[in-house]
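S.K.: For what it's worth, this note's numbering labels the leading residue of the sequence shown as 89, then goes sequentially.
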Amino acid sequence: MAHQEQDWKDQIKRIANGVRRRVLEFTLRNGGGYLSQACSSAEILSTLYGKIMNLGPSISPRIPLPFAGVPSKNNKDYFTGAGYNGPKEPHLDRFFLSPVHYALVLYAVLVETDRMAPEGLEMFNKDGSSVEMIGADHSPGHELMSGSLGQTLSQVLGIALARKRKGETGKNWVMMSDGEFMIGQTWEAVETLSFYALDSVCVFIDANGQSADGKIETVNQIEPLKSRLESFGAVAVEIDGHNIEQIVEAANVQHVGKPLFVIARTRPYCGIDILEKRAPKFHYVRISNEQEKQELENFLRQRFGGAEK
């Protein structure tokens with residue numbers, strides 16, 4: 089039993105390290121990228137996909153199809169990226185990514201968990217590709233057009249309510265960013281989730297303290313987040329978002345009749361500590377000079393052994 093316990097922990101760590109490596113490689117190759125989001129969310133997403141969520145195997149093409157156009161009654165080729173999370177069965181879980189600028193991180197997770205071929209990453213942000221830089225409903229691992237931050241939770245509310253009324257037992261997992269709790273629509277969704285007792289909704293918050301304008305506390309005040317969520321009728325727990333044991337324990341907290349929110353406190357440079365000197369701005373890591381590029385390339389070789397296909 090102890091051996092099995094260590095096996096899954098090692099597997100999650102391997103996935104998380106692979107995610108950081110792939111996003112760092114992309115950032116170096118393209119002169120910039122959402123690297124801090126990979127640093128902060130790697131353990132959250134890796135543990136969700138590798139241990140927590142009850143998903144079926146991917147039913148989508150290993151190499152993503154080109155963009156087939158927007159949904160309409162005349163577009164028979166339209167598709168979403170939900171199939172990478174398995175089929176939509178009543179007993180299976182579903183996953184929804186709310187801060188869709190984390191898309192590259194999610195794609196890396198799909199590759200590391202063998203749900204998408206590595207070649208899919210080469211299609212990232214290319215004209216005509218469904219592997220969007222800002223994930224859309226047709227992008228791998230997505231099934232909603234999340235639009236501006238703060239809209240996904242409201243959509244998941246509707247999906248969860250419909251699944252409940254149909255008698256479905258699968259859970260609905262959402263990953264959000266803490267910056268989304270500066271948005272009024274988020275709080276409207278929380279109180280409505282509570283009103284309808286939608287305990288099938290479980291939310292992990294990547295609480296890295298960052299926004300596009302710098303540290304969240306300099307833009308707006310969302311704390312004390314735990315007690316605020318509880319006041320809106322949710323069950324809320326606070327953990328170290330880089331501790332996979334705590335992530336699993338939090339996912340199993342009892343929350344009968346209430347939605348679950350896990351505030352995962354994270355660091356936007358975790359695993360790539362040389363980024364810390366960029367404080368307080370981490371939102372988009374743009375490589376501005378050759379010296380910085382060389383430092384990151386050296387780190388890639390020393391920490392991860394270079395790029396992996």
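Idealized CB from N, CA, C, for every residue including glycine. Given the structure is predicted, the values throughout are model-derived calculations rather than measurements.
Evaluate the contact criterion for the segment 167–176 versus the segment 235–251: three or more CB pairs, one atom per stretch, below 8 Å.
M.R.: No, they do not touch.
S.K.: Pick out whichever of A352, Y190, S242 has its Cα sitting closest to the Cα of M221.
M.R.: Looking at the Cα atoms, Y190 is the closest of the given residues.
S.K.: With which residues is M263 paired in a DSSP beta bridge?
M.R.: L185, F292.
S.K.: I'd like to know if T115 contacts chain B, where contact means its C-beta is closer than 8 Å to some C-beta of that chain.
M.R.: Among the chains in the structure shown there is no chain B, since it carries only a single protein chain.
S.K.: What's the gap between the Cα of L245 and the Cα of L281?
M.R.: Approximately 6 Å, taken between the alpha carbons.
S.K.: Quick check on the DSSP output: the alpha helix (DSSP H) that includes I351 runs from which residue to which?
M.R.: Careful: I351 lies outside any alpha helix (DSSP H), inside the beta strand (DSSP E) at 348–353.
S.K.: According to DSSP, is E200 part of a helix, a strand, or is it coil?
M.R.: In the structure shown, E200 sits in a helix (DSSP, three-state: H, G or I).
S.K.: Tell me which residues share the same chain as T274 and place their Cβ nearer than 7 Å to its Cβ, disregarding the 5 neighbours each side in the sequence.
M.R.: Excluding positions up to five away in sequence, the list reads G238, L241, E268.
S.K.: Would you kindly check if the distance between the Cβ of I100 and the Cβ of S134 is under 8 Å?
M.R.: For S134 and I100, yes; Cβs fall inside 8 Å.
S.K.: Are the CB atoms of V289 and P347 nearer to each other than 8 Å?
M.R.: Cβ distance < 8 Å, so V289 and P347 count as in contact.
S.K.: Can you give me the Cβ contacts of G171 inside the same chain, cut-off strictly under 8 Å, excluding the 5 residues immediately before and after it?
M.R.: Hits under 8 Å: S146, I147, S148.
S.K.: Based on DSSP bridge pairs, tell me the residues matched to G302.
M.R.: Looking at the DSSP assignment, G302 forms a beta bridge with S299.
S.K.: For the pair the segment 292–310 and the segment 252–266, tell me if three or more CB-CB distances fall below 8 Å.
M.R.: These segments touch.
S.K.: Using 8 Å as the threshold, is the segment 299–316 in touch with the segment 105–113, meaning 3 or more CB pairs across them?
M.R.: The segment 299–316 is not in contact with the segment 105–113.
S.K.: Could you give the first and the last residue of the continuous beta strand (DSSP E) run that contains A324?
M.R.: 323–328 is the extent of the beta strand (DSSP E) around A324.
S.K.: Around the C-beta of K397, are 16 or more other C-beta atoms found within 10 angstroms, so that it is buried, or is it exposed?
M.R.: Low per-residue confidence applies at K397: pLDDT is 49, beneath 50, and the placement is therefore not dependable, though the value from the model is reported in the following sentence. Exposed, because fewer than 16 other Cβ atoms sit within 10 Å of the Cβ of K397.
S.K.: Would the segment 118–125 and the segment 353–370 be scored as touching if the rule is three or more Cβ pairs under 8 Å?
M.R.: Yes, since at least three Cβ pairs between the segment 118–125 and the segment 353–370 fall closer than 8 Å, the two stretches touch.
S.K.: Have a look at Y372 and S227 and give me their C-alpha separation to the nearest angstrom.
M.R.: One C-alpha to the other measures close to 20 Å.
S.K.: In this structure, how does DSSP classify V344 when only helix, strand and coil are distinguished?
M.R.: V344 falls in the coil class under three-state DSSP.
S.K.: Alpha carbon to alpha carbon, what distance is there between I375 and K381?
M.R.: Roughly 6 Å between the two C-alpha positions.
S.K.: Tell me which residue opens and which closes the alpha helix (DSSP H) that Q390 is part of.
M.R.: Start and end: 378–392.
S.K.: Roughly how many whole angstroms lie between the Cα atoms of I304 and F370?
M.R.: Roughly 12 Å separates the two Cα atoms.
S.K.: For F183, tell me which candidate among P368, N162, L143, R102 has the shortest Cα-Cα distance.
M.R.: That would be L143, whose Cα lies nearest to the Cα of F183.
S.K.: Measuring alpha carbon to alpha carbon, tell me which of G329, G297, P187, E279 ends up nearest F320.
M.R.: Out of G329, G297, P187, E279, E279 has the C-alpha closest to the C-alpha of F320.
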